[in-house]
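Notes for the one structure printed next.
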């Protein structure tokens, strides 16, 4: 079982719709959760981070964390073609100093 | 501007050659990290350093070496022992130490290929 799992996609949504990206993790003691956006050929850039159960909103982005079910999700409201990218979920697990990354979900927003 | 600078952007390695990738940060971060990304894959940890003159192996350290002689710099050497070095190499940093939950920020990456 992979430590951090994401559906590879592609996830295709029409412009203006809500995109929902999901991530599950295996280490129940994980403390911190991050979403990065990566455009093709570029390095990851931080979108959101969340530490506590519940929702955290920042503009069009909402991160949702459910530690009991061991999943974290990212919602993108009013999706734009410029949101088309790969979204990487990263988790800081128990006793680890660095992050463990999922393989990413490719999002395509259709104009 | 504060940030993480990786160089070169593209690098080619010949058979049996060692090559060194540079990573410099002016964010006053204690912790620095090296990751490798293969096409369609997530990032895998090669080495990390929480403080000057100290570093630890990550999940895929074989065939790589690092040094941390200065807080600002964390170069990665890809040795000839790394038989499949073609990948996108990413350097990251964060505050580290008691702030290890803080987000990591990335440089622009170095793309390494075999000649």
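Protein chains in written order, with the numbering used here: chain A, 337 to 447; chain B, 136 to 250. We put the beta carbon where it would ideally sit given N, CA and C, even for glycine. In this text the structure is predicted, and so the values were computed from the model without any measurement.
Can you tell me whether residue i is helix, strand or coil according to DSSP?
i	result
residue 417 of chain A	helix
residue 203 of chain B	coil
residue 407 of chain A	strand
residue 142 of chain B	strand
residue 387 of chain A	coil
residue 435 of chain A	coil
residue 195 of chain B	coil
When DSSP builds the beta bridges, which residues end up paired with residue i?
i	result
residue 228 of chain B	B:167 and B:240
residue 374 of chain A	A:422
residue 350 of chain A	A:446
residue 154 of chain B	B:213
residue 185 of chain B	Paired residue(s): none; residue 185 of chain B is not in a bridge.
For residue i, tell me which candidate among the options has the shortest Cα-Cα distance.
i	options	result
residue 197 of chain B	B:210, B:229, B:174 and B:217	B:217
residue 394 of chain A	A:402, A:382 and A:405	A:382
residue 247 of chain B	B:236, B:188, B:182 and B:224	B:224
residue 357 of chain A	A:398, A:388 and A:405	A:398
residue 343 of chain A	A:396, A:444 and A:439	A:439
residue 140 of chain B	B:239, B:227 and B:187	B:227
residue 396 of chain A	A:403, A:432 and A:352	A:352
residue 413 of chain A	A:341, A:338 and A:350	A:350
Could you tell me whether any non-hydrogen atom of the ligand MG is closer than 7 Å to the CB of residue i?
i	result
residue 180 of chain B	The model on display carries no ligand, and the ligand MG is accordingly not part of it.
Could you name the residues of the region 198 to 214 of chain B whose beta carbon sits closer than 7 Å to any beta carbon of chain A, in the order they occur along the chain?
Residues of the region 198 to 214 of chain B with a Cβ closer than 7 Å to any Cβ of chain A: none.
In chain order, what residues of the region 146 to 158 of chain B put their CB closer than 7 Å to some CB of chain A?
From the region 146 to 158 of chain B, no residue has a Cβ closer than 7 Å to chain A.
Along the region 219 to 233 of chain B, where does the CB come closer than 7 Å to a CB of chain A? Name the residues.
Those residues of the region 219 to 233 of chain B that come within reach of chain A (Cβ to Cβ, closer than 7 Å) are 225.
Under 9 Å, CB to CB, which of the residues in the region 384 to 412 of chain A have a partner in chain B?
If the cut-off is 9 Å between Cβ atoms, the region 384 to 412 of chain A has 385 and 387 near chain B.
Give, in chain order, every residue of the region 420 to 440 of chain A whose Cβ lies closer than 7 Å to some Cβ of chain B.
From the region 420 to 440 of chain A, only 424, 428, 433, 434, 435, 437, 438, 439 and 440 have a Cβ closer than 7 Å to chain B.
Are the region 414 to 422 of chain A and the region 145 to 155 of chain B in contact at 8 Å, needing three or more beta carbon pairs?
No: the two stretches stay apart, fewer than three of their Cβ pairs being nearer than 8 Å.
Looking at C-beta atoms only, is the number of pairs between the region 357 to 370 of chain A and the region 139 to 148 of chain B that lie closer than 8 Å three or more?
The answer is no - the region 139 to 148 of chain B does not touch the region 357 to 370 of chain A, with fewer than three Cβ pairs under 8 Å.
Kindly confirm or deny that the region 160 to 169 of chain B and the region 365 to 382 of chain A touch, where touching means at least three C-beta pairs closer than 8 Å.
They do not touch, by the three-pair rule.
Going along the region 361 to 384 of chain A in order, which residues come within less than 7 Å of chain B, judged by CB to CB distance?
Listed in sequence order: 367, 368, 370, 379, 380 and 382.
Residues of the region 233 to 250 of chain B with Cβ closer than 9 Å to any Cβ of chain A, in chain order:
Those would be 235, 236, 237, 238, 239, 240, 241, 242, 243, 244 and 246, in chain order.
Listed from N- to C-terminal order along the chain, which residues in the region 169 to 183 of chain B have their beta-carbon within a distance smaller than 9 Å of any beta-carbon of chain A?
Here the close residues are 170, 172, 175, 176, 177, 178, 179, 180 and 183.
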